[in-house]
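Chemist:
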Amino acid sequence: MIEKKRRKPYWRETKQLMAGTLLLPFVLLLALPFWGDDLDQIRLFGFPLGYAIVAHGAVILVLLASGQFITRQDDIDHWHGAHDEL
Amino acid sequence: MSIDLRPAAANPRIGAYFGIFTSAFAALAVLMLILEQLGDAGRQPLVLMLAGPIAVYLAIGLSSIATDPAGYFAAGRAMPSVSNGLAAAMAVFGGTGFVAVTGAFYFLGFDALAYPLGICTGLLVSSVMIMPYVRKDGSYTLAGYLSRRFESRALRSMTGAALTVPALLLLVAELKIGSVVASRFLEVSELTAMAVLGLVVCLCAALGGLRGVVWTGTAQGIVALIGLLVPVTALAVILTNLPLPQLTYGTLADDVLRLEAGGGLVARAVPSVQIVQPGTEPEVLVKPFMQAFGATGRLGFLALMFTIALGVASMPALATRAGTCRSVFEVRRSMGWTIAIACLLALTMPAIGMFVRFEVLSSLAGRSGVDPPAWASTLARLGLAGYDAASSQLTAMGMAVARDAVPFLVSLGGGFPETLVGLTLAAVVSAALAGATAQAVALSGILAEDVVFAWTETGDSGEARVATARILLGVVVLLAGWLALSVAADPLTLFVWALALAASSAFPLLIMSVWWKRINQWGAIAGLATGYGIALVMLLAGLAGALPSSFSTIGAYVAPIAVPIGALTAAVVSLMTPNPEKRLLELVRDIRVPGGEAVYDREVRLASIGKKR
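As they're listed, the protein sequences go chains Y and H.
Quick note: to get the working numbering, add 376 to the position in the first sequence (first position is 1).
Quick note: to get the working numbering, add 1290 to the position in the second sequence (first position is 1).
1. Within the 9 Å Cβ cut-off, does residue 418 of chain Y reach chain H?
2. Should residue 381 of chain Y be flagged as near chain H, meaning a C-beta pair shorter than 9 Å?
3. Please compile the residues from chain Y whose C-beta is within a distance smaller than 8 Å of the C-beta of residue 1640 of chain H.
4. Can you find a CB in chain H that lies within less than 9 Å of the CB of residue 392 of chain Y?
5. Here's a check: name, in chain order, each residue in its chain whose Cβ is nearer than 7 Å to the Cβ of residue 1293 of chain H, leaving out the five neighbours to either side.
6. For the beta strand (DSSP E) holding residue 1554 of chain H, just list the boundary residues, first then last.
7. Suppose the cutoff is 8 Å on Cβ atoms and the five residues either side in sequence are ignored; what does the same chain contact list for residue 1822 of chain H look like?
8. Under 9 Å, Cβ to Cβ, is there at least one residue of chain Y near residue 1301 of chain H?
9. Excluding the five sequence neighbours on either side, which residues of its own chain have a C-beta within less than 6 Å of the C-beta of residue 1672 of chain H, listed in chain order?
10. Whose C-alpha, out of H:1783, H:1814, H:1687 and H:1658, is nearest the C-alpha of residue 1680 of chain H?
11. What residues in its chain sit with their C-beta under 8 Å from that of residue 1854 of chain H, if we drop five residues either side in the sequence?
12. Return the chain-ordered list of same chain residues with a C-beta closer than 6 Å to the C-beta of residue 1692 of chain H, the five sequence neighbours on each side being excluded.
13. For the pair the stretch 1414-1423 of chain H and the stretch 1606-1615 of chain H, tell me if three or more CB-CB distances fall below 8 Å.
14. So which residues of chain H does residue 449 of chain Y contact, with C-beta pairs closer than 7 Å?
15. Taking the DSSP output, what are the residues bridged to residue 1572 of chain H?
16. List, in order along the chain, the chain H residues whose C-beta lies closer than 7 Å to that of residue 387 of chain Y?
17. Which of helix, strand or coil does DSSP assign to residue 1252 of chain H?
18. State yes or no: is the beta carbon of residue 403 of chain Y nearer than 9 Å to at least one beta carbon in chain H?
19. Going by beta carbon distance, what residues of the same chain come within less than 7 Å of residue 1775 of chain H, once the five residues before and after it are set aside?
20. What did DSSP end up calling residue 1858 of chain H once you bin it into helix, strand or coil?
21. Who are the near neighbours of residue 1433 of chain H in its chain, counting only those whose CB is closer than 6 Å to its CB and skipping five residues on each side?
22. Since residue 1547 of chain H contacts residue 1578 of chain H with CB under 8 Å, what's their CB separation in whole angstroms?
23. Along the chain, where does the beta strand (DSSP E) containing residue 1677 of chain H start, and where does it finish?
24. Near residue 1668 of chain H, what residues of its chain come up, given a Cβ to Cβ distance below 7 Å and the 5 sequence neighbours on each side ignored?
25. Please check the pair residue 1389 of chain H and residue 1467 of chain H, which I expect to be a contact at CB under 8 Å, by giving their CB distance rounded to whole angstroms.
26. What residues match up with residue 1691 of chain H in a beta bridge as DSSP calls it?
27. Against residue 1626 of chain H, what residues of chain Y qualify as contacts under a CB-to-CB distance less than 7 Å, listed in chain order?
28. With DSSP run on the structure shown, which of helix, strand or coil describes residue 1797 of chain H?
29. Say whether chain Y places a C-beta atom closer than 9 Å to the C-beta of residue 1293 of chain H.
30. Taking C-beta to C-beta, are residue 1700 of chain H and residue 1645 of chain H nearer than 9 Å?
31. Give me the Cα-Cα distance between residue 1678 of chain H and residue 1655 of chain H, rounded to the nearest whole angstrom.
32. Using only the alpha-carbon positions, how far apart do residue 460 of chain Y and residue 1502 of chain H sit?
33. Starting from the Cα of residue 1683 of chain H, find the closest Cα among H:1652, H:1347, H:1512 and H:1810 and give me that residue.
34. Tell me the DSSP secondary structure of residue 424 of chain Y in three-state form.
35. Return yes when the Cβ of residue 1885 of chain H is within less than 9 Å of the Cβ of residue 457 of chain Y, no when it is not.
36. So, is the C-beta of residue 439 of chain Y closer than 9 Å to a C-beta in chain H?
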């Protein structure tokens, strides 16, 4: 069980991780549709680069963001003793 | 004395069971392939590939039995994360995501990326910001969570009533797409297909509730993934020499571009707010595959992605999955699996769209309306393709294909054995069944917990709640089946509408209830009412034709307007009314920490101790 005085630092680190996880995918998804097609002159394995970044890059970024979130949040939990003893 | 409060671990042999199921399904497919090579097997491969898995789903559903509310509404909090994640991915995509979104890629190419990207983002937001905290609270439904968080029964009834509509729309969409596809390919009436689907849904979920949903959903997910991936991988080997369609379809880009130009398909600019979505009837191609924003404009793309992301994050059928995991960490892992599967689908669907477009366009060369390619005459007989039988040369602009036939075109267009068509049919029907079962259980759970028993004390009348949920399950499946048969609505449109409504009502509250302590029940009620009201007015105005057509067609602009306004209302009203009480702040602090017993479970335990005294 978590100690009372650890709650604040625990939540601060959790908030930072949340922001860090979501920021990059959000920026990419919001920005790329708008100038992604300018990159289409460059080809990557036959794909126009702008298309590849949206169709492959964004998806893989979401996957990586999810993976690092799970491991790092678990580290934070254990560091502050907030984890569930199962 | 210490009592072990931890839920028992799920069956440790469950991985082996599903391994056996997967092998049996593969063996069935191989057997059918052999039979087909031996001679004219007729329709048998198609029927058996579908009937085999469905018999197993029924066996699984009927053998997963729940007796108490914790078993029925939360699967005993004992589901392993892989199963739970796979079943949740199936619930989110469902038949609509499998068939209609894949079909949209054939027509729209780049512009259809808004759907899978929206789903992936929504799942990520949910896994980071919502699901772990809903699990720590431990309520069985979203409305139950909000009412516990704000100590407001009124909010519970309101949220329950508000979320009934999107859950019903999603259930109708799933039943509709499953029954339409099955009835076309098996050449039975839509009523028959619907009756069978509805019956399977009820039998899979009535005894076990969410337990049945997760175990059958796992089996359905396995069949759905195999059926989607195997044909397109085989086609990728033929067309690009590598069994990785997700990465190799770019090598066809130049060929497809040449075929498109030859067929008269050229890039053109469209209004930024326009959203194009293929309907259920056969349609011709509208834009080159790789061109960005050739049908759906930039703003429309963002709005659609936004709506789907927020809608998925607040989908009732997804949120109920939080409770089925053993701990908060398991919820995060389970969501990780869901995201991984969603990403795999998001990478595969464009490949299917591209390959099918290449097959369709390249097969038209030198063929006339009297002598069409084999797939075209097959699909035209089923009412899934249309072309001018009198034309001397079939062209891209003269070949209309139904959106829902696109996944089948991988096998049909490639001239693959009938068994592979059956594999895709099994995948589509399984995905629709998984989606429909999940939505039906979520909907009947909302009705039972948040409408009928909204005012019962926590932990009371357990058997009555489960019995009511079972009866309501039958009622909602009947109602949704009748609606799906009688209303001519496109499942993909219903999907977007439902997500828009779910996002507008629940999303701001779900986020703020965890991440902003100052929000109080008045703010929550005001935010819910405002967001839902705006969404409903916009959708109805769109239906009545009062808004410009690009706004009304699919309602993707509802959430981008209603969600910020709802969130702002909730914030302003909260700041104008008194601070939340001290014990609610303590509750939020409790929810934010993963360790320890779930809040709801603790309340149930304390209530039962109180009763014994």
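We put the beta carbon where it would ideally sit given N, CA and C, even for glycine.
These numbers were taken from a predicted model, which means no experiment stands behind them.
Modeler: In short, the structure shows the following:
1. no
2. no
3. 431
4. no
5. Only weak support is given to the placement of residue 1293 of chain H: the predicted model assigns it a pLDDT of 47, under 50, and the value that follows is read from those uncertain coordinates. Excluding sequence neighbours, residue 1293 of chain H sits near nothing in its chain.
6. Where residue 1554 of chain H is concerned, there is no enclosing beta strand (DSSP E), given that its DSSP letter is neither H nor E.
7. 1452, 1791, 1794, 1795, 1852 and 1856
8. no
9. 1474
10. H:1658
11. none
12. 1572 and 1674
13. yes
14. 1622
15. Answer is none; residue 1572 of chain H lacks a bridge partner.
16. 1882
17. The first residue shown for chain H is 1291 and the last is 1903, placing residue 1252 of chain H beyond what the model contains.
18. no
19. 1480, 1481 and 1484
20. helix
21. 1446, 1449, 1450 and 1740
22. 6 Å
23. 1675-1677
24. 1702
25. 6 Å
26. H:1573 and H:1675
27. 442, 443 and 446
28. helix
29. Confidence is the limiting factor: at residue 1293 of chain H the pLDDT is only 47, short of 50, which leaves the residue's position unreliable and the question unanswerable from this model.
30. yes
31. 15 Å
32. 26 Å
33. H:1652
34. strand
35. yes
36. yes
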